[in-house]
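J.:
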Amino acid sequence: MSLQVPKPSNGNSKKHNNRPIAVFSDFDGTIFHQDTGHVLFDKYGCGQEKREELDGSIGDTRSFREASELMWGSLTVSLDEALELLKKDLVLDDHFKPFLDFCDEQNIPFSVISAGLQPLLRGALDQFLGKERSSKINIVSNDAEIDGSNWKPLWRHDCELGHDKARSINEMKETVFDGAQPLTVFVGDGVSDLAAANHADILFARRGLKLEKYCIKNKIPYIPYDTFEDVQVELERMINAQKEDEQDNRNATANIPKNPVSGRPIALRTVSENSVPNSVLI
Numbered sequence: 143m144s145l146q147v148p149k150p151s152n153g154n155s156k157k158h159n160n161r162p163i164a165v166f167s168d169f170d171g172t173i174f175h176q177d178t179g180h181v182l183f184d185k186y187g188c189g190q191e192k193r194e195e196l197d198g199s200i201g202d203t204r205s206f207r208e209a210s211e212l213m214w215g216s217l218t219v220s221l222d223e224a225l226e227l228l229k230k231d232l233v234l235d236d237h238f239k240p241f242l243d244f245c246d247e248q249n250i251p252f253s254v255i256s257a258g259l260q261p262l263l264r265g266a267l268d269q270f271l272g273k274e275r276s277s278k279i280n281i282v283s284n285d286a287e288i289d290g291s292n293w294k295p296l297w298r299h300d301c302e303l304g305h306d307k308a309r310s311i312n313e314m315k316e317t318v319f320d321g322a323q324p325l326t327v328f329v330g331d332g333v334s335d336l337a338a339a340n341h342a343d344i345l346f347a348r349r350g351l352k353l354e355k356y357c358i359k360n361k362i363p364y365i366p367y368d369t370f371e372d373v374q375v376e377l378e379r380m381i382n383a384q385k386e387d388e389q390d391n392r393n394a395t396a397n398i399p400k401n402p403v404s405g406r407p408i409a410l411r412t413v414s415e416n417s418v419p420n421s422v423l424i
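For what it's worth, my numbering labels the leading residue of the sequence shown as 143, then goes sequentially.
1) Give the secondary structure of V422 by DSSP, where H, G and I count as helix, E and B as strand, and everything else as coil.
2) What residues match up with K294 in a beta bridge as DSSP calls it?
3) Could you check what DSSP says for E415 in three-state terms: helix, strand or coil?
4) Are there any heavy atoms of the ligand ZN lying less than 8 Å away from the beta-carbon of S167, as far as the coordinates show?
5) To which residues of the same chain is I279 closer than 7 Å at the C-beta, ignoring the five residues directly before and after it?
6) For the beta strand (DSSP E) holding G258, just list the boundary residues, first then last.
7) Mind reading off the beta-carbon distance from T326 to A164? Whole number of angstroms is fine, and I expect it under 8 Å.
8) Using a 10 Å radius around the Cβ and a threshold of 16 neighbouring Cβ atoms, would you call P162 buried or exposed?
9) Please return the same chain residues whose Cβ sits closer than 7 Å to the Cβ of L296, not counting the five positions on each side in sequence.
10) Going by the beta-carbon positions, is the gap between L377 and L262 smaller than 9 Å?
11) Drop a sphere of 10 angstroms on the beta-carbon of K307, count the other beta-carbons inside from all chains shown, and report buried for 16 or more, exposed for fewer.
12) Where does the unbroken alpha helix (DSSP H) through A224 begin, and where does it stop?
13) Would you mind giving the Cβ-Cβ distance between S334 and F238, rounded to the nearest angstrom? I have them listed as a contact below 8 Å.
14) Could you tell me the alpha carbon to alpha carbon distance between L316 and V373, rounded to whole angstroms?
15) What's the gap between the Cα of M143 and the Cα of F244?
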């Protein structure tokens with residue numbers, strides 16, 4: 143028996159017509175298959191066993207922020223050494239680069255919304271995409287104070303997650319789109335994405351991971367995905383459906399009779415049959 147919640151976008155594209163699309167994506171476990179923090183903690187910090195213990199305490203005895211502070215505080219590595227390890231161990235989603243090209247071609251703004259640390263996120267994108275391509279990606283995340291080999295996260299928001307992704311998305315919608323209401327697409331996989339999951343118009347959850355399980359448990363509509371190719375296919379379907387609707391509207395407008403003098407469409411007034419006296423109905 144499938145526990146998957148029905149896809150929210152199937153058959154619903156029409157109601158989103160004429161709204162600009164904005165894509166927001168998590169970083170760890172989404173753009174890259176690994177978690178940048180986990181790679182570093184296991185090698186240069188508290189170690190895998192302690193990291194898994196702290197991960198398991200989230201939502202039970204510790205908040206995400208409390209557990210994360212302990213893990214980041216355990217690091218004894220410089221930023222340069224950390225980025226070298228990430229370059230060696232991280233695996234980029236094979237379809238992420240083509241997906242970025244697709245967003246550029248369709249004029250769809252793409253932003254990273256992450257609970258990670260800005261120096262690592264930007265550094266990893268610089269290494270895997272090149273600095274020029276990386277610089278075009280907006281990153282909204284926590285920051286870090288790195289003094290030699292000592293790390294201290296600088297949280298974006300004063301909340302249990304350290305970064306309230308839903309708040310960041312709403313702030314972006316208000317500032318970037320100048321009052322327009324974009325169709326918000328969020329792509330994620332894990333615990334830090336839960337707040338954003340409830341505020342996205344269309345949610346993509348990586349198949350088999352914590353975000354999908356959360357959606358199933360709480361009956362939140364979502365679309366499962368394995369790679370960014372799945373996300374692109376669904377967005378292409380939506381865009382094509384919108385184009386078909388727009389063409390239908392143009393065809394309907396073209397068939398409206400026009401005033402032969404002014405060339406303007408003739409407004410045809412319609413009435414309800416119930417409003418016509420019975421005496422004039424045939």
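The beta carbon of each residue, even a glycine, is placed where N, CA and C say it ideally should be.
Everything numeric in this text was worked out from a predicted model, so none of it was measured.
T.: Concretely, from the data shown:
1) The predicted model places V422 with a pLDDT of 35, which falls under 50 and marks its position as unreliable; any figure quoted below should be read in that light. Helix.
2) According to DSSP, K294 bridges with E287.
3) The pLDDT assigned to E415 is 39, lower than 50, so where the model puts this residue is not dependable; a value taken from the coordinates is nonetheless given after this. In the displayed model, E415 falls within a helix according to three-state DSSP.
4) The model depicted lacks the ligand ZN and carries no ligand whatsoever.
5) Cβ neighbours of I279 beyond the five flanking positions: F252, V254, L267.
6) Boundaries of the beta strand (DSSP E) around G258: 252 to 259.
7) At roughly 6 Å, the Cβ-Cβ gap stays under 8 Å, so T326 and A164 are in contact.
8) Its Cβ having fewer than 16 others within 10 Å, P162 is exposed.
9) Result list for L296: N284, D285, A286, E287, in chain order.
10) With a cutoff of 9 Å on beta-carbon distance, L377 and L262 are scored as not near each other.
11) Burial of K307 is indicated by the presence of at least 16 other C-beta atoms within 10 angstroms of its C-beta.
12) That run of the alpha helix (DSSP H) goes 221 to 231.
13) Rounded, the Cβ-Cβ distance is 19 Å, inconsistent with contact.
14) The sequence shown places Glu at residue 316, rather than the Leu named in the question. If you take the alpha carbons of E316 and V373, they lie about 24 Å apart.
15) With a pLDDT of only 28 at M143, under the threshold of 50, the placement of this residue in the model should not be trusted, and no figure is reported.
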